[in-house]
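Peer 1:
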Amino acid sequence: MAFKPANNIQDLQYFGEFGGVNPSISDSSTYTFLSAKTMFDTFEGNADGCYLYSRHSTPSNLYLGQALAAMEGTETASVTASGMGAITPVLMQLCGAGDHIVSSRTIYGGTYAFLKNFTPRFNMATTFVDITKLDVVEAAITPNTKVIYCESVSNPLLEVADIAGLAKLAKKHNLKLVVDNTFSPLSISAAQLGADVVIHSLTKFINGSSDTVGGVICGTQKFIDDLRNVNDGACMLLGSTMDSLRAASILKNLRTLHIRMQQHSLNGLYLAERFEKDGLKTVYPGLASHPSHDLFKSMMNEKYGFGGMLTVDVGSLDKANALMELMQKRNLGYLAVSLGFYKTLFSAPGSSTSSEIPAEEQKEMGLSDGLIRFSIGLDADIERTYHMMKDCMKELEIL
Ligand SMILES: Cc1ncc(COP(=O)(O)O)c(C=O)c1O
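If you want our numbering, it's the 1-based position in the sequence shown plus 1.
#1: Output the distance between the C-alpha atoms of L170 and M93, rounded to the nearest integer angstrom.
#2: With 16 as the cutoff for other CB atoms within 10 Å, does N23 come out buried or exposed?
#3: In chain order, what residues of the same chain lie with their CB nearer than 8 angstroms to the CB of T146, ignoring the 5 residues before and after it?
#4: Using a threshold of 6 angstroms, is the CB atom of M85 nearer than that to any non-hydrogen atom of ligand 1?
#5: Any contact between the stretch 247-263 and the stretch 205-215? By contact I mean 3 or more CB pairs, one from each, below 8 angstroms.
#6: Indicate whether L194 and A165 have their beta-carbon atoms separated by less than 7 angstroms.
#7: Since F30 contacts S55 with CB under 8 angstroms, what's their CB separation in whole angstroms?
#8: Going by alpha carbons, who is nearest to Y15 out of L65, D131, T283?
#9: Is the distance from the Cβ of E73 to the Cβ of A192 below 7 angstroms?
#10: Could you name each continuous beta strand (DSSP E) segment of 3 residues or more that falls completely within the stretch 44-97, going from the start of the chain to the end?
#11: Between the alpha carbons of I26 and N254, how many angstroms are there, rounded?
#12: Taking the Cβ atom as the reference point for each residue, do F206 and L311 lie within a distance shorter than 7 angstroms?
#13: When every heavy atom of ligand 1 is checked, does at least one fall within less than 6 angstroms of the C-beta of N156?
#14: For M389, does the count of other Cβ atoms within 10 angstroms reach 16, so buried, or fall short, so exposed?
#15: For F44, which residues from the same chain have a beta carbon less than 8 angstroms from its beta carbon, with the 5 sequence-adjacent residues on both sides left out?
#16: Go ahead and pull the three-state DSSP assignment for R374.
#17: Pull up the DSSP beta-bridge partners for C151, would you.
#18: Under DSSP, the alpha helix (DSSP H) around D382 begins and ends at which residues?
#19: Give the range of the alpha helix (DSSP H) segment to which G21 is assigned.
#20: Is the closest heavy atom of ligand 1 to the C-beta of V180 under 6 angstroms?
#21: At 3 residues or longer, what runs of the beta strand (DSSP E) sit wholly inside the stretch 197-234?
#22: Within 10 angstroms of the Cβ of T345, are there 16 or more other Cβ atoms? Answer buried if so, exposed if not.
#23: Specify the secondary structure class of Y305 as computed by DSSP and reduced to three states.
#24: Which class does D12 belong to by DSSP, given the choice of helix, strand or coil?
#25: I'd like the ranges of any beta strand (DSSP E) spanning at least 3 consecutive residues and lying wholly in the stretch 239-311.
#26: Return yes when the C-beta of S376 is under 6 angstroms from any heavy atom of ligand 1, and no when it is not.
#27: Output yes or no for whether 7 angstroms exceeds the beta carbon distance between E277 and L288.
#28: Apart from the five residues on each side of it in sequence, which residues of its chain come closer than 6 angstroms, Cβ to Cβ, to L135?
#29: Note down, in chain order, each residue of its chain lying with its Cβ closer than 7 angstroms to the Cβ of L267, except the 5 sequence neighbours on either side.
#30: Buried or exposed for K320, please, with buried defined as at least 16 other CB atoms from any protein chain shown within 10 angstroms of its CB.
#31: Between the alpha carbons of T77 and L372, how many angstroms are there, rounded?
#32: Drop a sphere of 10 angstroms on the beta-carbon of G351, count the other beta-carbons inside from all chains shown, and report buried for 16 or more, exposed for fewer.
#33: Could one say the Cβ of T75 lies closer than 7 angstroms to chain C's Cβ atoms, at least one of them?
#34: Pick from I399, A70, S79: whose alpha carbon is nearest that of L281?
#35: Quick one: what does DSSP say Y335 is sitting in, helix, strand or coil?
#36: In angstroms with no decimal places, state the Cα-to-Cα distance between S105 and D197.
Here you go:
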């Protein structure tokens, strides 16, 4: 039977402490025990349903984790203070000194910087590869490799990973496949395709209101328990814990994710098709011209479309900057990093979110100076938006 992530969220039922339709928010950093023995058992990890200290877990964080695990179809999930606060402990948990990671070369700049500049301090090495080429991925695997890391749809180039193919490779070589699914929530169900661990930056589409950072790690009960272990768990010891008040607010936003993703995707496809017809170099997984269009189609939960992210190359950084400034002036969106907001957000990734990637490597991976990354908003009248954007482009002689 087809996997239905939004049904899984819809079907969760809550009875708050006082009968509220939303779960009560846990507003405590520490928890009482009626007996010293239960406290001891909880430290040992043997007392289900007992809370210890909020860096470990809180009722509000568990509710949000449960909903996100239902969305991805994993046994459980653990929420974190940010997307990076999810990515870094996962990699530190799975790898140690002497270990090796095979990673997609087109990933979020912060993750790239972590793998390239930070983890070598702990003698962890990463080989960056073109993730769309399974033979290249396999050739990079060494006896020390522990993890294959990728984004389902990559930031910012919108390359699409063949998750089932990568999962097969991971199984064959006894590795863990870790997938950052931030760009394609609901559209792609990475764990159903074989990913061992699925990560999201909740900051983006899932929360959708650009009012907080947040992250989640979805995986097996055993892996999440390991991350929370008081003695050697990377989440517990590195401490990137989400605050309970935020967990409660993100849970409320999650409930409208399916409606928002449909509108983001509808608007994204509309603009991508028209920009491409106008002769602009447009990248969007929903376009037949996208090299992985068929792959995306074969993986997607169709209802939620190809997402709200698209890129347009306007030829030079100067032109990109001028266009973004003019579009902001005309109230078509904000010149801002991040994604998933109700208004369109645009930025030039080469000089912002991917600036951690050295210029020559940007060039090699096809990240050109004139590239603008759009996170298309929930605009009710996308035709009007298109005409207004086109006017800006004509004014600047981009079209
Ligand atoms: C694909 C992707 N993963 C992870 C992150 C990091 O998330 P956060 O900013 O919530 O730490 C980002 C942020 O831009 C992202 O785009």
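We put the beta carbon where it would ideally sit given N, CA and C, even for glycine.
Peer 2: So, to answer that:
#1: Answer to the nearest angstrom: the Cα atoms are 21 angstroms apart.
#2: exposed
#3: D100, H101, I102, V103, H174, L176
#4: yes
#5: Contact holds: three or more Cβ-Cβ distances are below 8 angstroms.
#6: yes
#7: Reading off the sequence shown, one finds Ser at residue 30, where the question assumed Phe. A Cβ-Cβ distance of about 5 angstroms is found for the pair S30 and S55, placing them in contact under the 8 angstroms criterion.
#8: L65
#9: yes
#10: 77-81
#11: 15 angstroms
#12: Not closer than 7 angstroms, so no.
#13: yes
#14: Counting of Cβ neighbours within 10 angstroms places M389 among the exposed residues, the total staying below 16.
#15: L53, V231
#16: Under the three-state reduction of DSSP, R374 is assigned to strand.
#17: V180
#18: DSSP places D382 in no alpha helix (DSSP H); its state is neither H nor E.
#19: DSSP places G21 outside any alpha helix (DSSP H), giving it a letter other than H or E.
#20: Not so, every heavy atom of ligand 1 lies at least 6 angstroms from the Cβ.
#21: 198-202, 216-220
#22: buried
#23: helix
#24: coil
#25: 282-284
#26: no
#27: Between E277 and L288, the gap from beta carbon to beta carbon is short of 7 angstroms.
#28: G166
#29: G306
#30: buried
#31: 38 angstroms
#32: buried
#33: The chain inventory of the structure shown lacks chain C, comprising one protein chain alone.
#34: I399
#35: strand
#36: 16 angstroms
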